[in-house]
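For the sequence shown, the residue numbers in our numbering are 67 to 849. To start, the structure itself, in structure tokens.
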Amino acid sequence: MSPTHPADSHDTIRVQGAREHNLKNVSVDLPKRRLTAFTGVSGSGKSSLVFSTIAAESQRLINETYSAFVQGFMPSQSRPDVDVLEGLTTAIIVDQERMGANPRSTVGTATDVNAMLRIVFSRLGEPRIGSTNAFSFNVASISGAGAVTLEKGGRTVKERRSFEVLGGMCPRCEGRGTVSDFELAEIYDASKSLSEGALRVPGYSMDGWWGRLFADLFDMDKKIGDYSKRELDDLLYKEPTKIKVEGVNLTYEGLIPRIQKSMLSKDREAMQPHIRAFVDRAIVFHTCPECDGTRLNETARSSKIDGRSIADACAMQISDLVDWVRGISDPGLAPLIAKLVDTLESFVQIGLGYLSLDRPTGTLSGGESQRTKMIRHLGSPITDATYVFDEPSIGLHPHDIQRMNQLLLKLRDKGNTVLVVEHKPEMIAIADHVVDLGPGAGSDGGEICFEGTVEELRRSGTRTGTHLDDRARLKKTVREPKGALEVRGADRHNLRDIDVDVPLGVLCAVTGVAGSGKSTLINTYVSPRDGVVTVDQGAIKGSRRSNPATYTGLLDPVRAAFAKANGVKPALFSANSEGACPECKGAGIIYTDLGMMATMESVCQVCDGKRFDAAVLDYHYGGKNIAEVLDLSMSDALEFFSAAETKIPKAAKILTRLVDVGLGYLTLGQPLSTLSGGERQRLKLAIHMLEDADTYVLDEPTTGLHLADVELLLGLLDRLVDAGKSVIVIEHHQAVMAHADWIIDIGPGAGSEGGTIVFEGSPRDLIAEGKTLTAKHLAEYVS
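In structure tokens, the structure reads:
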């Protein structure tokens with residue numbers, strides 16, 4: 067289908083004067099009900115245009131249709147910096163953010179498949195046990211009695227009646243599937259007394275009130291290993307008891323219930339690092355013995371269809387489950403079963419057929435999360451919406467990208483506008499319309515370099531057009547391994563008791579379709595070893611005040627240099643300390659609480675968003691104040707701190723690594739929360755490269771990289787190996803496979819069809835054998 071350029075808002079999304087982030091007064095008309103790909107180097111402005119301008123304004127306008135009361139419960143959104151936005155439709159964002167780690171959320175609950183299955187079992191399961199809630203592990207069974215008010219013979223009477231709500235929740239684990247236990251050796255050291263510091267729980271110092279409280283109840287000099295059963299029980303499990311210590315009323319409670327209330331009730335990610343580390347050591351999770359991890363009570367598990375309970379169905383691999391559901395025949399439920407089959411088939415089509423419905427959403431990768439979210443929209447009756455995708459190729463083998471393309475086109479053909487931010491040529495190729503941004507990144511980007519068809523892009527001469535047909539070549543010679551990490555009997559998840567030697571001293575690519583077992587093999591059996599550093603795409607912890615300069619430690623030598631040059635304290639050059647603007651407290655933004663309405667964000671008028679006190683900005687280093695330094699790109703900052711008159715060796719060393727990993731376009735002060743998954747990974751890689759690691763494990767390091775930058779990444783990996791390091795890359799990009807010295811291919815398929823080593827050797831030998839899906843796609847790529 068060829069693109070059109072209609073003039074009115076019925077057929078066009080019109081953007082005029084977009085200046086969000088690095089966009090330079092961008093104007094563009096996007097055809098509706100077409101698939102438009104946005105291309106350009108990392109940091110060129112693609113996400114600023116698509117997500118921060120078009121999608122953000124659509125969502126803001128929709129939120130404004132709600133009452134002020136409802137808006138008070140929504141996140142605040144300010145209008146993007148743009149002159150005109152016309153022709154907007156409802157924007158549905160399908161991004162890379164991992165799905166929440168709520169222990170009650172599974173693939174089935176997140177996609178409504180569980181809800182459909184519960185209806186099927188409530189109607190057809192034998193024995194019949196009740197409504198759909200009887201099959202839900204999030205609903206507890208409750209029974210009791212209460213008074214009800216009735217009208218009888220024209221008068222009001224009260225009657226006491228019993229009631230029962232039948233839910234499917236396992237009472238032992240409360241629907242979580244696991245029960246927790248405490249590793250007592252991590253709670254206390256039995257060889258020490260309380261006064262000798264026996265307690266290993268963070269915060270329990272015997273120097274303050276805790277020590278006085280314990281002294282009132284226990285022998286402080288008695289080793290805990292010598293406690294009687296009663297004394298140990300009081301230390302660990304005693305119910306809350308009021309005690310007066312030195313005239314002050316205090317409450318003592320056993321260590322275990324206190325830890326459960328003060329630590330385990332919090333979201334793990336919200337914990338301070340030392341608390342999280344303690345919890346990870348001290349709390350052991352076991353499969354619930356009562357429900358065997360199914361989360362469901364015995365009643366829910368007793369009702370079956372063709373010999374299978376709903377727990378059995380949810381534990382099946384989805385590609386197998388769809389065949390089982392297709393075999394269920396009931397005229398009354400035919401439409402629902404057809405809808406269920408269609409949804410399950412979408413999982414298979416999108417390359418997620420290896421998952422099971424009981425898989426916790428917190429264990430899904432970024433790519434798996436994005437595709438799982440997509441499932442909900444494929445069957446939606448909504449049309450003429452705008453679907454926005456952020457690199458949907460992430461986590462996909464070339465074999466799976468073809469199927470993803472079909473689904474994107476299916477969304478378009480239903481009458482929707484599909485906007486895709488993408489780097490992979492295979493996905494750009496299906497676009498009706500392409501918008502290429504650049505020419506560079508950061509301050510060198512933010513302009514429309516090209517608009518038109520894919521064929522026109524090839525002839526455009528832009529950086530994307532020039533590199534669109536790039537193909538890496540196989541190396542004439544490959545490095546020889548210098549030893550190996552032996553893995554024997556690997557059987558976690560779908561791995562089939564495999565033995566493999568992961569070579570050292572080379573660039574080793576671990577390949578295979580999504581769900582084949584790559585990450586399980588490396589993360590479980592290689593990453594935990596001494597001397598191995600793993601760099602993934604997980605979020606970087608930090609507040610909205612955090613930026614690359616603070617995260618990498620780069621700001622420390624810079625602050626010291628500013629302080630020395632001006633004869634003042636380094637703390638003055640921290641927006642989180644003494645140098646902060648007194649009005650916004652160093653945030654750069656003023657947050658105004660408007661009661662039931664959304665909190666309003668506005669740039670601080672005192673510091674103009676610079677975050678520093680005006681007096682601090684009078685101090686200079688090399689002709690720049692601290693705010694101007696933080697506005698420098700990594701590349702410019704490297705040049706600045708390498709110059710003879712402004713040289714700071716520590717800063718230059720860190721910046722060299724940041725530029726090496728392709729982040730030269732980021733500014734030193736850019737909030738970490740604005741970084742993509744690929745940028746976060748490369749930022750962490752830069753930091754780890756400053757350490758003395760022997761082996762690096764990288765999980766899809768090409769994520770977020772433009773075609774032209776993949777070559778730079780390969781050069782960086784080569785430099786690591788040439789410096790005596792070992793590099794193991796879990797990767798789908800054929801350029802990385804072709805450049806590797808050694809390939810370990812896992813498969814042949816995903817889930818139960820994967821988990822075996824289908825090839826070990828050089829890329830050239832992989833192509834020569836030509837037996838695996840990876841071999842087929844790599845051969846097509848290099849030819």
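Just so you know, even glycine gets a beta-carbon here, dropped at the ideal spot from N, CA and C. This structure is a prediction, so every number in the text was calculated from the model and none was measured.
What does DSSP give as the partner residue(s) for residue i in the beta ladder?
i	result
N632	The partner list for N632 (beta bridge, DSSP) is empty, contrary to what the question assumes.
C670	Paired residue(s): none; C670 is not in a bridge.
Y254	L265
Q82	V150
P464	Answer is none; P464 lacks a bridge partner.
H499	T102
K370	E192 and S375
T125	According to the sequence shown, residue 125 is Gln rather than Thr. Q125 is not bridged to any residue.
D247	V350
Q383	S422
D827	What sits at residue 827 in the sequence shown is Gly, not Asp. According to DSSP, which records beta bridges pairwise, G827 is partnered with I809.
D358	Per DSSP, none; premise fails for D358.
A646	F678
P97	T78
Take residue i and list the residues in its own chain whose beta-carbon comes closer than 6 Å to its own, dropping the five residues that flank it on each side.
i	result
S668	I656
I371	L190 and G191
T360	A377
C515	D502, G504, P505 and T528
E492	I467
F707	I714, A717 and A718
G320	L302, Y303 and K304
C357	C236
T427	M165, S171 and A176
Using 10 angstroms around the beta-carbon of residue i, count the other beta-carbons present and answer buried if the total reaches 16, otherwise exposed.
i	result
K54	In the structure as shown, the chain starts at 67 and stops at 849, and residue 54 therefore has no counterpart that could be examined.
N315	exposed
K713	exposed
S446	exposed
L534	buried
G661	A caution first: G661 carries a pLDDT of 45, below 50, which makes its placement in the model unreliable, though a value can still be read off. G661 comes out exposed.
F135	exposed
F628	buried
N180	buried
F139	exposed
D396	exposed
G790	exposed
Q603	buried
P458	buried
G597	exposed
Considering only residues of the same chain and omitting the five flanking positions on each side of residue i, which have a CB-CB separation below 7 Å?
i	result
L844	Q800, M803, A804, P829, L832 and I833
D697	T733 and G735
Report whether the distance from the Cβ of residue i to the nearest heavy atom of the ligand FAD is below 8 Å.
i	result
S202	The model depicted lacks the ligand FAD and carries no ligand whatsoever.
Compare the C-beta of residue i against all C-beta atoms of chain C and say whether one is closer than 9 Å.
i	result
G196	Among the chains in the structure shown there is no chain C, since it carries only a single protein chain.
Whose C-beta lies closer than 8 Å to the C-beta of residue i among residues of the same chain, with five residues either side of it excluded?
i	result
G645	A637, L638, F639, G652, F678, D679, V682 and I692
C650	I656, C670, V672, C673 and R677
I394	V186, L190, I371, D372 and I403
M286	S259, L260, S261, M272, G277 and F280
P193	S368 and S369
T70	Reliability of the predicted coordinates at T70 is poor, the pLDDT of 42 falling under 50, and the value obtained from them is presented with this limitation in mind. Answer for T70: D77, P97 and R100, listed in chain order.
Practice task
Report yes or no: do the segment 85-92 and the segment 133-151 share at least 3 C-beta pairs separated by less than 8 Å?
Solution key: The segment 85-92 vs the segment 133-151: in contact.
Handout entry: Segment contact, 8 Å Cβ cut-off, at least three pairs: the segment 744-752 with the segment 563-575
Key = no
Practice task
Determine, using beta-carbon pairs with one atom in the segment 238-251 and one in the segment 346-364, whether at least three such pairs fall under 8 Å.
Solution key: yes
Exercise for the section: Give, in chain order, every unbroken run of the alpha helix (DSSP H) that is at least 4 residues long and sits entirely within the segment 270-328. Expected result: 275-281, 295-303 and 321-325
Practice task
Could you say if the segment 680-695 and the segment 635-654 meet the contact criterion of at least three C-beta pairs nearer than 8 Å?
Solution key: yes
Practice task
Output the residue ranges of the beta strand (DSSP E) runs that lie fully inside the segment 572-632 and measure 3 residues or longer, sorted by chain position.
Solution key: 573-577 and 598-601
Handout entry: Cβ contact (3+ pairs, closer than 8 Å) linking the segment 479-499 and the segment 447-465
Key = The segment 479-499 vs the segment 447-465: in contact.
Problem - Touching by the beta-carbon criterion (3+ pairs, under 8 Å), the segment 807-820 and the segment 614-625 - result: no
Problem - Inter-stretch contact at 8 Å, needing at least 3 Cβ pairs: the segment 551-566 / the segment 764-772 - result: Verdict: no, contact absent.
Practice task
Mind the definition here: the segment 464-478 touches the segment 201-210 only if three or more C-beta pairs lie below 8 Å; say whether that holds.
Solution key: no
Handout entry: Unbroken stretches of the alpha helix (DSSP H), 4 residues or longer, contained in the segment 154-185
Key = 173-176
Exercise for the section: Let me know the beta strand (DSSP E) ranges lying completely inside the segment 482-567, each 3 residues or longer, listed in chain order. Expected result: 483-487, 499-504, 513-518 and 550-556
Practice task
Enumerate, from N- to C-terminal direction, the unbroken alpha helix (DSSP H) stretches of 4 or more residues contained entirely within the segment 749-814.
Solution key: 773-788 and 800-805
Exercise for the section: Report yes or no: do the segment 580-594 and the segment 410-423 share at least 3 C-beta pairs separated by less than 8 Å? Expected result: Pairwise C-beta distances place the segment 580-594 in contact with the segment 410-423, as three or more of them are shorter than 8 Å.
Practice task
Report the residue ranges of all alpha helix (DSSP H) runs contained in full by the segment 696-743; include only those spanning at least 4 residues, in chain order.
Solution key: Fully enclosed alpha helix (DSSP H) runs of 4 or longer: 700-708 and 715-726.
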